[in-house]
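Colleague: Once you've had a glance at the structure underneath, I'll fire off some questions.
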Amino acid sequence: MEYNFNFLEKKWQDYWQENNVFKTEDNYNKEKFYILDMFPYPSGSGLHVGHPLGYIASDIIARYKKMQGFNVLHPMGYDSFGLPAEQYAIQTGQHPSLTTEKNKSVYRKQLDKIGFSFDWEREVSTSDPEYYKWTQWIFKQLFNSYYCNIDNKALPISNLTEEFEKNGNFEVQSPCDEDTPKFTSKEWNDFTEDKKQTILLKYRLAYLSETMVNWCEELGTVLANDEVKDGLSERGGHPVKRKMMLQWMLRITSYKDRLLNDLNDLDWTESIKDMQRNWIGKSEGASIFFQLIDSDVKIEVFTTRPDTVFGATFMVLCPEHKEINKIINVKNLSIEQKKQVFDYIEDSSLKSERDRMSNNKDMTGAFTGSYAINPFSGETIPIWISDYVLSDYGTGAIMSVPCGDHRDWQFAKKFNLKLKFIFKDYQYQLYEGDNAILVNSGFLDGKTKKEATREAINFIIENEIGELKTNYKIRDAVFSRQRYWGEPFPIYYKNNIPYLIESDEVVELPSIDKYLPTAEGEPPLARAKKSDWSQFYGERMDYNTMPGWAGSSWYFIRYMDPKNKKEFVSKGKLDYWGQVDVYVGGAEHAVGHLLYSRFWTKFLFDRGFVPFKEPFKKMINQGMILGRSNIVYRIKGENKFLTQEKIAGDFVGDSLRIEVPEVVSMNVDTSIVKNDILDLTLFKKWRKEFKDAEFILNENNEYKCGVEIEKMSKSKFNVENPDDIVEEFGADSLRLYEMFLGPITQSKPWNKNGISGCFNFLQKYWKLLHQKGDFFIEDVKMNKQDLKVLHSTIKKVTEDINSYSFNTAISSLMICLKYMHVNNIVKKDMIQCFNLLLSPFAPHVAEEIHQKLGNNNSVVFENFPSFEEKHLTETTYDYPISFNGKVRFKLNLSLDLSIDQIKEKVLSDERTISKTTDLEIKKIIIIPRKIVNIVL
RNA sequence: GCCUCGGUGGUGGAAUUGGUAGACACGUUGGACUUAAAAUCCAAUGAGCAGUAAUGUUCGUGCGGGUUCAAGUCCCGCCCGAGGUACCA
13 MEYNFNFLEK KWQDYWQENN VFKTEDNYNK EKFYILDMFP YPSGSGLHVG
63 HPLGYIASDI IARYKKMQGF NVLHPMGYDS FGLPAEQYAI QTGQHPSLTT
113 EKNKSVYRKQ LDKIGFSFDW EREVSTSDPE YYKWTQWIFK QLFNSYYCNI
163 DNKALPISNL TEEFEKNGNF EVQSPCDEDT PKFTSKEWND FTEDKKQTIL
213 LKYRLAYLSE TMVNWCEELG TVLANDEVKD GLSERGGHPV KRKMMLQWML
263 RITSYKDRLL NDLNDLDWTE SIKDMQRNWI GKSEGASIFF QLIDSDVKIE
313 VFTTRPDTVF GATFMVLCPE HKEINKIINV KNLSIEQKKQ VFDYIEDSSL
363 KSERDRMSNN KDMTGAFTGS YAINPFSGET IPIWISDYVL SDYGTGAIMS
413 VPCGDHRDWQ FAKKFNLKLK FIFKDYQYQL YEGDNAILVN SGFLDGKTKK
463 EATREAINFI IENEIGELKT NYKIRDAVFS RQRYWGEPFP IYYKNNIPYL
513 IESDEVVELP SIDKYLPTAE GEPPLARAKK SDWSQFYGER MDYNTMPGWA
563 GSSWYFIRYM DPKNKKEFVS KGKLDYWGQV DVYVGGAEHA VGHLLYSRFW
613 TKFLFDRGFV PFKEPFKKMI NQGMILGRSN IVYRIKGENK FLTQEKIAGD
663 FVGDSLRIEV PEVVSMNVDT SIVKNDILDL TLFKKWRKEF KDAEFILNEN
713 NEYKCGVEIE KMSKSKFNVE NPDDIVEEFG ADSLRLYEMF LGPITQSKPW
763 NKNGISGCFN FLQKYWKLLH QKGDFFIEDV KMNKQDLKVL HSTIKKVTED
813 INSYSFNTAI SSLMICLKYM HVNNIVKKDM IQCFNLLLSP FAPHVAEEIH
863 QKLGNNNSVV FENFPSFEEK HLTETTYDYP ISFNGKVRFK LNLSLDLSID
913 QIKEKVLSDE RTISKTTDLE IKKIIIIPRK IVNIVL
């Protein structure tokens with residue numbers, strides 16, 4: 013009987029569905045286990061073999077936990093709002109919801125074929141009005157909240173209104189916009205409603221603010237940083253400018269310290285936590301005011317090194333500095349300099365932030381014509397502007413200490429600015445470390461960084477030239493997008509002031525004629541007529557939509573209670589399911605999604621809507637599966653192709669290069685290449701232009717392609733579709749192979765050739781049990797050796813699943829099968845147990861064997877085997893005997909021996925004697941159960 | 001630029017606290033079966049040198065140093081690749 017995987021995989025997938033095997037009951041008596049995958053964006057190209065990697069891992073864990081008696085929540089859904097569907101809509105006019113539905117059904121079919129244990133009754137889609145109704149609801153809560161630094165939590169905005177009515181805002185300690193005026197209770201009560209609303213908006217956790225965006229005039233839209241290349245839009249190549257625009261913002265900065273501190277308790281990789289710490293970017297230092305000469309303007313700078321103020325020989329402001337117009341002193345500038353400074357400001361507005369940060373080699377800048385006084389040294393220092401100073405960090409102005417910072421150093425060199433060396437032992441050179449003694453620094457001379465910092469701060473405070481300050485890199489999050497395919501805001505405007513829509517109903521995304529901005533540059537939603545809106549109030553609705561991360565910041569909560577019409581989730585279910593126990597997803601979400609989810613969770617916690625402070629207890633970051641591209645080399649200007657050996661191999665050193673024609677590398681479809689050898693006939697058919705192609709072949713008369721490992725993408729012809737693999741080898745082989753490929757956390761190339769190893773393993777298992785055609789096993793007891801092999805396999809598989817080391821778990825299953833195969837063991841107990849161990853990895857074949865073993869229930873309802881130590885005890889150990897650290901032979905010794913006894917045995921062994929004749933044994937190191945090393 | 005993670009045979013990878021480098025697979029080679037091929041099974045397989053052979057021996061975990069009886073693993077300095085960098089998801 014053949015291993016007919018196509019037949020039996022279909023059979024069991026149908027069985028699981030018909031019998032609702034993976035339905036998760038809200039059974040509060042059982043211990044829960046919540047395992048979650050990052051849900052996918054359903055793109056038009058469907059899944060490639062890289063996508064299921066994490067899902068397979070989580071599925072193994074889910075099945076394993078289920079077999080250990082946990083009530084497992086393992087849901088799946090779609091992050092279905094997003095740009096690609098909108099882009100497609102712009103091109104074709106097709107409504108994004110249609111595309112999205114179509115793509116979702118493709119994904120679903122693909123996922124089903126791999127045999128996942130998802131509870132599909134809990135599926136959610138962020139673009140479903142039943143879902144985004146609650147995303148809007150959370151936005152309403154954010155709008156209706158402010159952060160109180162006294163209670164250190166978010167509170168309802170009504171508390172703030174009450175306080176304003178009683179005492180004005182003098183006692184209030186809450187983050188708010190910088191321009192918020194101070195007022196008494198009387199003044200508050202006399203304010204008009206509009207004025208009151210304007211003030212409240214400055215305190216809300218969701219508020220409107222001017223912020224910098226990448227504006228493309230031609231496209232009439234705002235672009236993401238990665239849609240901008242070299243100052244031009246990726247699409248169309250139109251110029252892109254930095255521009256201020258009124259945007260919805262979320263006051264995530266209120267949570268900065270809690271987001272930072274609570275990281276310590278999370279079971280995430282240190283690297284992701286580091287990335288978040290870095291993003292929050294807490295740094296302690298001082299803010300110092302520098303007085304301008306001939307002006308009453310003072311420029312505030314932030315520095316983490318107040319000990320180095322004596323070394324500041326110039327100042328640099330960002331081109332967008334708020335007081336730039338007051339600071340530019342045209343009297344001191346030549347006509348040419350004037351032009352330079354204004355042109356420079358204009359030019360920098362064209363550069364992206366990333367360009368500005370990464371360009372350190374060719375620094376640019378302009379002199380403002382003004383000077384300031386160094387408050388420590390009293391020296392007069394020039395003020396420059398340069399785009400290496402960022403407006404969003406610190407105060408947008410720095411004091412430059414060229415001897416202590418490489419950017420300041422390079423800037424000074426480029427523009428011939430004065431250098432002053434304040435670190436002893438580092439005269440005339442750059443020193444960015446912390447361990448130098450200060451010199452040329454007045455009252456700080458001879459002091460270390462630590463002492464000098466303390467004294468400098470005292471000086472700053474005593475002389476009232478600044479204060480202690482902690483600075484953060486994190487900025488409030490821009491929460492609006494000028495796009496169509498996203499959640500509309502439940503907001504309308506009256507006198508240009510935003511108001512919440514009071515009704516509990518969802519504000520549906522209205523239909524519009526075209527998915528483009530209006531002629532006036534308003535977002536696409538401005539195209540909707542009043543009657544197109546499901547709800548319409550005031551003068552107009554908000555034209556923005558929410559960003560992609562809105563829906564994904566809380567979806568893990570909705571899975572607990574996906575059909576609830578009254579609440580975003582019921583309290584009972586929330587209390588039971590609680591935090592996500594294990595979250596599986598890519599590290600590329602390290603700061604975006606993962607930080608925003610934490611923020612929303614903390615906010616919902618503050619307002620009493622959820623009982624936990626952190627969403628994801630433990631996280632596993634799967635690596636990416638890369639594509640393996642094949643390359644052909646076309647001789648420039650000809651329709652002739654060179655085999656790979658001839659383009660690289662035919663020269664010895666650089667001087668003896670044998671003439672190699674100049675070639676153009678081209679990606680070729682991997683389906684017409686086998687083991688890197690190109691099928692010439694198929695290649696000629698592949699594209700018309702290659703019909704008459706000629707080839708220069710290698711010694712074997714073959715065309716060998718080059719290989720490149722890169723991201724899977726259609727344009728590289730290196731995409732592998734899981735459906736094809738399932739068709740050819742079966743889902744079980746695919747599951748095994750994806751896990752067998754290497755550690756889950758690591759990126760690795762996909763190479764289809766390797767899958768036969770996993771397929772052979774399953775086929776070998778099948779054949780072992782069907783040697784006589786039909787299924788055949790023996791009811792014979794296991795001997796000592798069988799038990800030892802089996803129990804060490806149980807031990808290894810269990811430990812490996814617990815440490816998410818699936819590749820090694822599979823290899824230990826292979827070793828166990830090899831043992832059974834070589835010894836032709838078909839003992840029922842052993843097979844039964846092995847089958848259970850295999851079942852989370854290859855569930856279809858395991859179900860089939862489970863049934864054939866005479867069981868009526870699905871294998872997921874069985875208990876996962878546990879090992880017994882007594883079968884594993886050893887009495888002897890094969891000691892590696894090494895000489896000067898090199899292993900020379902092995903000696904089997906009883907584990908009962910004392911160190912002295914081991915020593916005697918080793919030294920009396922004739923192999924030791926023959927190796928040590930005429931040599932002195934200096935030392936002998938014996939580590940029991942490990943190694944013996946003889947030092948000569 | 002900055003932050004983070006990687007680099008081990010021809011390939012994917014394994015290696016507990018520093019203790020036998022290369023488990024398990026793929027590929028390759030040889031053999032069995034077959035009229036033949038495919039499939040399957042068995043064996044060998046890091047590189048070099050010596051030897052008919054058993055075996056011995058040297059070199060080997062990106063590069064250069066260091067610590068140690070012992071380093072893929074720890075320390076210092078480099079090189080290369082990947083991910084993130086605030087409107088891709």
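Here my numbering runs 12 ahead of the position in the first sequence, where the first position is 1.
Where is the CB? At the ideal position from N, CA and C, for every residue including glycine.
The structure presented is a predicted model; accordingly, all values stated were derived computationally and were not measured.
Just grab the DSSP bridge partners of Trp227 for me.
Modeller: Taking the first sequence and counting its residues from 1, one reaches residue 227 at position 215. DSSP lists Val234, Lys253 as partners of Trp227.
Colleague: Quickly, what does DSSP pair Arg610 with across the bridge? List them, please.
Modeller: The residue you call residue 610 lines up with position 598 of the first sequence. Looking at the DSSP assignment, Arg610 forms no beta bridge with any residue, so it has no partner.
Colleague: Ordered along the chain, which non-local residues of its own chain (more than five positions away) have a Cβ less than 7 angstroms from that of Lys726?
Modeller: Here residue 726 is taken as the residue at index 714 of the first sequence, counted from 1. Closer than 7 angstroms at the Cβ level, and outside the excluded window around Lys726, lie Ser57.
Colleague: Spell out the partners DSSP gives Arg120 in its beta bridges.
Modeller: Translated into the one-based positions of the first sequence, residue 120 becomes position 108. Its beta-bridge partners do not exist; DSSP assigns none.
Colleague: Measure the alpha-carbon distance for Thr530 versus Val84 and round it to whole angstroms.
Modeller: Counting from 1 along the first sequence, the entry for residue 530 is found at position 518. Counting from 1 along the first sequence, the entry for residue 84 is found at position 72. Roughly 49 angstroms between the two C-alpha positions.
Colleague: If you follow the alpha helix (DSSP H) that Ser925 is in, where does it begin and where does it stop?
Modeller: If you number the first sequence from 1, residue 925 lands on position 913. For the sequence presented, residue 925 should be read as Ile rather than Ser. 922-928 is the extent of the alpha helix (DSSP H) around Ile925.
Colleague: Measuring only the C-alpha atoms, how far is Glu358 from Asn483?
Modeller: As a first step, residue 358 is located in the first sequence; it is residue number 346 there, counting from the start. As a first step, residue 483 is located in the first sequence; it is residue number 471 there, counting from the start. C-alpha separation (whole angstroms): 28 angstroms.
Colleague: Taking 8 angstroms as the cut-off, decide whether the C-beta atoms of Thr281 and Asn633 are in contact.
Modeller: Position 269 of the first sequence, counting from 1, holds the residue named residue 281. Position 621 of the first sequence, counting from 1, holds the residue named residue 633. Yes, the pair counts as a contact, with Cβ atoms nearer than the cut-off.
Colleague: How long is the line joining the alpha carbons of Lys430 and Lys310, rounded to whole angstroms?
Modeller: The residue labelled residue 430 in the question sits at position 418 within the first sequence. The residue labelled residue 310 in the question sits at position 298 within the first sequence. Straight-line Cα distance between these residues: approximately 22 angstroms.
Colleague: Using three-state DSSP, classify Lys184 as helix, strand or coil.
Modeller: If you number the first sequence from 1, residue 184 lands on position 172. The residue asked about is misnamed: residue 184 is Val in this sequence, not Lys. Of the three classes helix, strand and coil, the one that applies to Val184 here is coil, per DSSP.
Colleague: Using the C-alpha atoms, what's the distance from Phe741 back to Pro877?
Modeller: One-based indexing of the first sequence puts residue 877 at position 865. One-based indexing of the first sequence puts residue 741 at position 729. Spanning the two alpha carbons is a distance of roughly 28 angstroms.
Colleague: From the DSSP secondary-structure annotation, give me the bridge partner or partners of Asn633.
Modeller: Walking along the first sequence from the start, residue 633 turns up at place 621. Per DSSP, Gly597.
Colleague: If you scan the segment 305-358 from start to end, which runs of the beta strand (DSSP E) of 3 or more residues do you find wholly inside it?
Modeller: DSSP assignment within the segment 305-358 yields the following whole beta strand (DSSP E) runs of 3 residues or more, N-terminal first: 310-315, 326-329.
Colleague: In chain order, what are the residue ranges of uninterrupted alpha helix (DSSP H) at least 4 long that sit wholly in the segment 757-836?
Modeller: The segment 757-836 is shown to contain whole alpha helix (DSSP H) runs of 4 or more residues at 767-781, 796-814, 818-834, in chain order.
Colleague: How far does the beta strand (DSSP E) with Phe379 in it extend, from its first residue to its last?
Modeller: Against the first sequence, residue 379 aligns to sequence position 367. Looking at the DSSP string, the run of the beta strand (DSSP E) that includes Phe379 is 378-385.
Colleague: With DSSP collapsed to three states, give me the class of Asp49.
Modeller: What you label residue 49 is simply residue 37 of the first sequence in a count that begins at 1. Asp49 carries a strand assignment under DSSP once its states are collapsed to helix, strand and coil.
Colleague: For Asn39, which of helix, strand or coil comes out of DSSP?
Modeller: Residue 39 sits at position 27 when you count from the first residue of the first sequence. In this structure, Asn39 counts as coil in the three-state DSSP scheme.
Colleague: Give the straight-line distance between the Cα atoms of Ile789 and Cys770, rounded to the nearest whole angstrom.
Modeller: On the first sequence, residue 789 is found 777 positions in, with the first residue counted as 1. On the first sequence, residue 770 is found 758 positions in, with the first residue counted as 1. Distance between the alpha carbons of Ile789 and Cys770: 23 angstroms.
Colleague: What does the alpha-carbon distance come out to for the pair Tyr889 and Leu905?
Modeller: Start at 1 with the first residue of the first sequence, and residue 889 comes out as number 877. Start at 1 with the first residue of the first sequence, and residue 905 comes out as number 893. Between Tyr889 and Leu905, the C-alpha separation is close to 6 angstroms.
Colleague: With DSSP as the reference, please indicate the residues paired to Pro394 in a beta bridge.
Modeller: Here residue 394 refers to the residue found at position 382 of the first sequence. BP columns for Pro394 point to Tyr383.
Colleague: Report the CB separation of Trp396 from Val328 in whole angstroms; it is logged as a contact under 8 angstroms.
Modeller: Within the first sequence, numbered from 1, the residue matching residue 396 stands at position 384. Within the first sequence, numbered from 1, the residue matching residue 328 stands at position 316. Right, their Cβ atoms sit about 5 angstroms apart.
Colleague: Excluding five sequence neighbours on each side, which residues of the same chain lie with their C-beta closer than 8 angstroms to the C-beta of Leu753?
Modeller: Counting from 1 along the first sequence, the entry for residue 753 is found at position 741. Excluding positions up to five away in sequence, the list reads Ile637, Lys760, Trp762, Gly766, Asn819.
Colleague: Determine the burial state of Tyr440: buried for a count of at least 16 other Cβ atoms within 10 Å of its Cβ, exposed for fewer.
Modeller: In the first sequence, residue 440 corresponds to position 428, counting from 1. Tyr440 comes out exposed.
Colleague: Could you check which residue in Thr460, Gln352, Ile509, Leu849 has the C-alpha nearest to that of Lys436?
Modeller: On the first sequence, residue 436 is found 424 positions in, with the first residue counted as 1. A check of alpha carbon separations from Lys436 across Thr460, Gln352, Ile509, Leu849 identifies Thr460 as the nearest.
Colleague: Just to confirm my understanding: we take Gly661, look at its own chain, exclude 5 residues before and 5 after, and list those with CB closer than 8 angstroms. What are they?
Modeller: For the purposes of this step, residue 661 is taken as the residue at position 649 of the first sequence. Unreliable placement is indicated for Gly661, whose pLDDT of 42 sits below 50; the coordinate value is still reported in the next sentence. Result list for Gly661: empty, nothing under 8 angstroms.
Colleague: Ordered along the chain, which non-local residues of its own chain (more than five positions away) have a Cβ less than 7 angstroms from that of Lys426?
Modeller: In the first sequence, the residue the question calls residue 426 occupies position 414. Closer than 7 angstroms at Cβ, skipping near neighbours: Met375.
Colleague: Taking one C-beta from the segment 241-253 and one from the segment 148-165 each time, how about it: are there three or more such pairs within less than 8 angstroms?
Modeller: Between the segment 241-253 and the segment 148-165, the count of C-beta pairs closer than 8 angstroms stays below three; the two stretches do not touch.
Colleague: Which term fits Met256, buried or exposed, when burial requires 16 or more other beta carbons within 10 angstroms of its beta carbon?
Modeller: Within the first sequence, the letter at position 244 stands for residue 256. Counting Cβ neighbours within 10 Å, Met256 comes out exposed, since fewer than 16 surround it.
Colleague: Only counting runs of 4 or more residues, tell me where the alpha helix (DSSP H) segments fall wholly within the segment 850-920, in order along the chain.
Modeller: 855-864, 911-920
Colleague: Could you please give me the residues that DSSP links to Asn279 through a beta bridge?
Modeller: Reading the first sequence from its first residue, position 267 is the one you call residue 279. Sequence inspection shows Asp at residue 279; the Asn mentioned does not correspond to that position. Lys630.
Colleague: Taking Cβ to Cβ, would you say Thr465 is nearer than 8 angstroms to Ser412?
Modeller: Within the first sequence, the letter at position 453 stands for residue 465. Within the first sequence, the letter at position 400 stands for residue 412. It is not a contact, given that the beta carbons lie outside the stated cut-off.
Colleague: What residue does the alpha helix (DSSP H) around Phe752 start on, and which one ends it?
Modeller: Reading the first sequence from its first residue, position 740 is the one you call residue 752. Start and end: 743-752.
Colleague: In three-state terms, what does DSSP make of Lys577?
Modeller: For this step, residue 577 is matched to residue 565 along the first sequence. Look at Lys577 here: in three-state DSSP terms it is coil, with no helix or strand label.
Colleague: Is the beta carbon of Asn115 sitting closer than 8 angstroms to the one on Pro54?
Modeller: Here residue 115 refers to the residue found at position 103 when the first sequence is read from its first residue. Here residue 54 refers to the residue found at position 42 when the first sequence is read from its first residue. For Asn115 and Pro54, yes; Cβs fall inside 8 angstroms.
Colleague: Within 10 angstroms of its Cβ, does Lys578 collect 16 or more other Cβ (buried), or is it exposed?
Modeller: Taking the first sequence and counting its residues from 1, the one referred to as residue 578 is at position 566. Classification of Lys578: exposed, given that the 10 Å Cβ count is below 16.
Colleague: Taking three-plus beta-carbon pairs below 8 angstroms as touching, is the segment 299-306 in contact with the segment 520-536?
Modeller: no
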